[in-house]
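> Oh and the sequence shown: position 8 is 8 in the UniProt record's numbering, straight run, nothing missing.
All C-beta atoms, glycine included, are put in the ideal place defined by N, C-alpha and C.
First, the structure itself, so that you have it in front of you.
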Amino acid sequence: MIKIKPRFKELKEQNLPNSKDMAKKYKHKEIIKLNYNESKFGFTPNLNGAIEIKSPNIYPEFRDHPLIDKLSENFDLSKEHFYVSNGSDAILEAIPTLFASARKEHNVLVPELTFGRIQTTCLVNDVETKKIKLVDGKISLKETLKAIDENTRIIYIVNPNMPTGTYNNENEMIEFLEKVPNNILVVVDGAYSEFVEGIDKSIEIDKKLIERFDNVLITHTFSKMYGLASFRIGYAIARPYIIEIFDKALQALPINKYSLQAATIALNDKQFYMNVIEQVWAEKEFLYSEYDRLGLKYLKTTGNFIFIDTKDKEFTNKEIREFILTDSGVMIRCVRDFGLRITIGTHKENLMLINSMEKFLNEK
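This is the structure in structure tokens:
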């Protein structure tokens, strides 16, 4: 038997429930997944029948494809500013390998409650992490600055933060970045940034940060707003000297040509996705009003999900999750012992959720 690295004992099992098995177990026709923050409003209809199955025996061209051309056009930045990979999480996971050394030599600053893969990938790479406390559910940039020391090499900022949905705005980020030493890479995970003020504003802020600061890398995904989770595709934006490291060190052809086609088609249907954002905004307001009516405490969100604070409730997260799943087949996400993260669904899905919640709370 091979010897497993001791630090891997700290890894938690990735227990991802199978929808078909769950439907059978809870006796429902289907499971309504409000636990993964997937888009509940579909994907561009232009994708239907548009993927060209041509030369599947040939690898896609290295950096020479319409997706990077389209990203370059949208952001008005050269193609050398972009790296496309097999989901944005693949980029986030590569960063400690590329920009930090092993435990005790370098450290990485990570919010105490944020996208879990960041902490996991630092652990796998044996890179020391320093956890930054959240203030009112928001990543504290002030506390982050205080935590920087001579060994800090990377700072992760998920913005909007997941699972809390809180956001550090443009001015806050600029003020923060002006104080971060230039030798530290600041990684901004913008998986949900389009939901804050729309697509154009997200692009405008990213472009401003990249042009102003040469130590910033921003990631985006096509899995959330764009509704292309099954295609597993995302990208990074940074100064060319940073992108060059990815090109040199990582797999040259990490994504398939069909994902590249799908993402390019999605970018070309901006109006459809603006409509998606508006639907999310409308349903968010509906859920706020319903949570208020039910007496639930929540954080105002800038993503496509809402965090409900359950610390002071007389029920456990597992109890309400199980009740909702049994009653309506709606699956929600428990966040440790103190909260629930629930994707903003369609109006029909949200009504199912609220009806089950109300039943549960009335029984308590």
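Count Cβ pairs between the segment 33–50 and the segment 169–188 that sit closer than 8 Å; are there 3 or more?
Not touching, per the Cβ criterion.
> According to DSSP, T97 sits in a beta bridge with which residue or residues?
Answer is none; T97 lacks a bridge partner.
> Does the count of Cβ pairs from the segment 323–331 and the segment 23–30 closer than 8 Å reach three?
The segment 323–331 is in contact with the segment 23–30.
> Whole angstroms are fine: how far does the CA of P6 sit from the CA of R341?
Spanning the two alpha carbons is a distance of roughly 31 Å.
> Out of T301, F62 and L98, state which residue places its alpha-carbon closest to the alpha-carbon of Y241.
Closest option to Y241, Cα to Cα, is L98.
> Rounded to a whole number of angstroms, what is the C-alpha to C-alpha distance between N15 and N125?
About 22 Å.
> Leaving out the 5 sequence neighbours to the left and right, which residues in its chain are closer than 8 Å to E105 when beta-carbon positions are compared?
Excluding sequence neighbours, E105 sits near N151.
> CA-CA distance, P111 and V135?
Distance between the alpha carbons of P111 and V135 is about 11 Å.
> For K208 and M22, I'd like the C-alpha separation in whole angstroms.
C-alpha separation (whole angstroms): 45 Å.
> Please classify P6: does DSSP put it in a helix, a strand, or coil?
P6: helix per DSSP, three-state reduction.
> I'd like the list of long-range same chain contacts for Y273, defined as Cβ closer than 8 Å, with 5 residues on each side in sequence excluded.
Counting only Cβ-Cβ distances below 8 Å, and skipping sequence neighbours, we find T44, E194, I199, M225, Y226 and A266.
> Once the 5 residues before and after G345 are set aside, which same chain residues still bring their CB inside 6 Å of it?
Cβ within range, chain order: L34 and K40.
> I'd like to know whether the C-beta atoms of F246 and G234 end up nearer to each other than 8 Å.
No; because the gap between Cβ atoms is not below 8 Å, this pair is not in contact.
> Name the DSSP bridge partner or partners of R333?
R341, per the DSSP bridge assignment.
> For K130, name the three-state secondary structure that DSSP assigns.
The answer is strand: DSSP assigns K130 an E or B state.
> How far does the beta strand (DSSP E) with Y235 in it reach, from first residue to last?
Element bounds for Y235: G234 to A238.
> Taking all protein chains shown into account, do 16 or more other C-beta atoms lie within 10 angstroms of the C-beta of E283, making it buried, or fewer, making it exposed?
Buried, since its Cβ has 16 or more Cβ neighbours within 10 Å.
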